[in-house]
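The opening position of the sequence shown corresponds to residue 15 in the numbering used here, with each subsequent residue numbered one higher.
Every residue gets a Cβ at the ideal spot worked out from N, C-alpha and C, and that includes glycine.
The structure appears right after this line, and notes come after that.
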Amino acid sequence: MTDGAPVGWSFLRSSRWIGYFAMLAIFSIACVFLGNWQFDRRAEARAEIDRIDANYDAPATPLAEELPNPAAFDEDAQKWRTVEAVGEYVGDPYLARNRPGREGVGSNLIQALRTEDGRVFFVDRGWVPIDGHEAETGGIAAEELPDPPSGEVRVEARLRASEPSIPGRTSAGRTVASIELPELARLTDTEGEAYTGAYGMLVTETPAGEHGVLPQKPERDEGPHLSYALQWYVFIGIACIGVAYAARREYRGLNPDSSAVREQDRRSAERRRRRGPSDAEEEDALIGG
């Protein structure tokens with residue numbers, strides 16, 4: 015107040031309150047960004063559920079028909095589709111290291127399948143409990159790895175996109191840092207022959223051979239993204255209520271004799287009178303008496 019005169023709401027134009035409003039605006043923008051990010055994550059999860067529903071249990075289609083261009087793959091439409099191919103496993107298996115499994119960290123067993131039409135399709139034949147260090151240093155005997163069936167084999171596998179390279183990690187010995195198909199084609203001397211857009215996660219092979227632990231069907235779970243997104247918007251509301259409450263308290267302190275404050279005090283007193291004394295007030299009265 016100045017000279018005892020009420021100032022109304024003019025204090026909201028002070029630099030201090032302008033700073034409060036600026037912080038509220040920045041906080042709100044950040045919450046909107048994080049909330050929208052969670053909505054995007056939910057949309058991605060729901061799109062994955064749709065792909066699982068559409069493709070996972072669909073009948074197998076011939077590999078050459080599903081992937082007419084060996085270097086192309088439409089993940090949105092083709093992920094989890096089952097393909098079938100007839101051919102022969104060739105060359106040495108490779109291990110995609112640092113893969114979590116039921117028994118800890120191991121590797122995924124990657125084997126090249128040369129199909130009837132002469133192309134090479136890489137098949138992930140399951141998880142094996144062999145860590146990356148053991149594989150890199152060559153401490154793996156051939157008999158330690160599951161044996162693929164010899165001769166002609168009919169394979170069914172679910173399609174997955176080629177994985178990206180991992181910066182700072184390279185192939186070593188019989189291991190690769192990721193299932194990066196162009197790199198596997200280079201290591202197996204099948205560049206120009208291999209499918210480099212997608213590989214297959216083994217479903218069945220006939221005749222059956224030994225393989226690693228095959229993955230279970232992915233869960234149809236969109237996660238908590240919707241609740242997290244809504245929470246960020248709730249935080250905006252809480253912050254706005256807090257700022258409004260602080261402004262109201264300061265207004266009352268600066269304008270104690272204004273008609274608005276007197277009217278609020280009168281209504282509060284009337285509500286207390288109708289409600290009667292609280293337990294705490296009755297205790298204070300008894301102690302004071």
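At what residues does the alpha helix (DSSP H) containing residue i begin and finish?
{"i": "Asp-138", "result": "Run containing Asp-138: none in the alpha helix (DSSP H); it sits in the beta strand (DSSP E), 134 to 142."}
{"i": "Asp-54", "result": "29 to 65"}
{"i": "Gln-92", "result": "89 to 92"}
{"i": "Glu-205", "result": "Unbroken run through Glu-205: none, as it is neither H nor E."}
Please report the Cβ distance between residue i and residue j, rounded to the nearest whole angstrom; I am assuming they are in contact, meaning their Cβ atoms lie under 8 Å.
{"i": "Gly-120", "j": "Val-142", "result": "6 Å"}
{"i": "Leu-109", "j": "Ile-144", "result": "6 Å"}
{"i": "Leu-216", "j": "Val-100", "result": "The Cβ separation is near 15 Å, so there is no contact."}
{"i": "Thr-347", "j": "Ala-78", "result": "Here the chain has residues from 15 to 303 only, and residue 347 is not among them."}
{"i": "Glu-219", "j": "Arg-168", "result": "7 Å"}
Residue i lies in the beta strand (DSSP E); which residues open and close that run?
{"i": "Gln-125", "result": "118 to 129"}
{"i": "Glu-219", "result": "212 to 220"}
Determine the closest residue to residue i out of the options, with distance taken between C-alpha atoms.
{"i": "Leu-159", "options": "Glu-166, Val-167 and Arg-139", "result": "Arg-139"}
{"i": "Pro-162", "options": "Gln-125, Ser-176, Leu-48 and Cys-254", "result": "Gln-125"}
{"i": "Glu-236", "options": "Asn-269, Ile-43, Ala-61 and Thr-129", "result": "Ala-61"}
{"i": "Gly-105", "options": "Asp-203, Arg-56, Arg-288 and Ala-222", "result": "Asp-203"}
{"i": "Phe-135", "options": "Leu-81, Ala-39, Ser-28 and Gly-115", "result": "Leu-81"}
{"i": "Ala-57", "options": "Arg-116, Leu-198, Leu-240 and Thr-129", "result": "Leu-240"}
{"i": "Arg-174", "options": "Ser-164, Gly-211, Arg-168 and Val-21", "result": "Gly-211"}
{"i": "Trp-31", "options": "Val-227, Val-257, Leu-268 and Glu-284", "result": "Val-257"}
{"i": "Ile-40", "options": "Ala-253, Glu-98 and Glu-177", "result": "Ala-253"}
According to DSSP, is residue i part of a helix, a strand, or is it coil?
{"i": "Leu-109", "result": "strand"}
{"i": "Ala-261", "result": "helix"}
{"i": "Ala-168", "result": "For clarity, residue 168 is Arg in the given sequence; the question names Ala instead. In this structure, Arg-168 counts as strand in the three-state DSSP scheme."}
{"i": "Pro-76", "result": "strand"}
{"i": "Gly-115", "result": "strand"}
{"i": "Ala-86", "result": "coil"}
{"i": "Ala-99", "result": "strand"}
{"i": "Tyr-227", "result": "Correcting the residue type first, residue 227 is Val in the shown sequence and not Tyr. Three-state result, Val-227: strand."}
{"i": "Arg-276", "result": "helix"}
{"i": "Val-190", "result": "strand"}
{"i": "Val-104", "result": "strand"}
{"i": "Arg-174", "result": "strand"}
{"i": "Leu-240", "result": "helix"}
{"i": "Thr-151", "result": "Reliability fails at Thr-151, whose pLDDT of 47 lies under 50, so the model's placement of it is uncertain and the value that follows must be treated cautiously. Coil, per DSSP."}
{"i": "Pro-270", "result": "coil"}
{"i": "Glu-233", "result": "coil"}
{"i": "Ile-180", "result": "coil"}
Spell out whether any CB of chain B is found under 8 Å from the CB atom of residue i.
{"i": "Arg-200", "result": "Checking the listed chains, one finds no chain B in this structure; it contains a single protein chain."}
Q: Would you check if there are 3 or more beta carbon pairs closer than 8 Å linking the segment 244 to 261 to the segment 39 to 54?
A: Contact between the segment 244 to 261 and the segment 39 to 54 is present, because at least three Cβ pairs lie under 8 Å.
Q) Taking contact to mean at least 3 C-beta pairs separated by less than 8 Å, is the segment 29 to 45 in contact with the segment 195 to 210? A) Between the segment 29 to 45 and the segment 195 to 210 there are fewer than three inter-stretch CB-CB distances shorter than 8 Å, so the stretches are not counted as touching.
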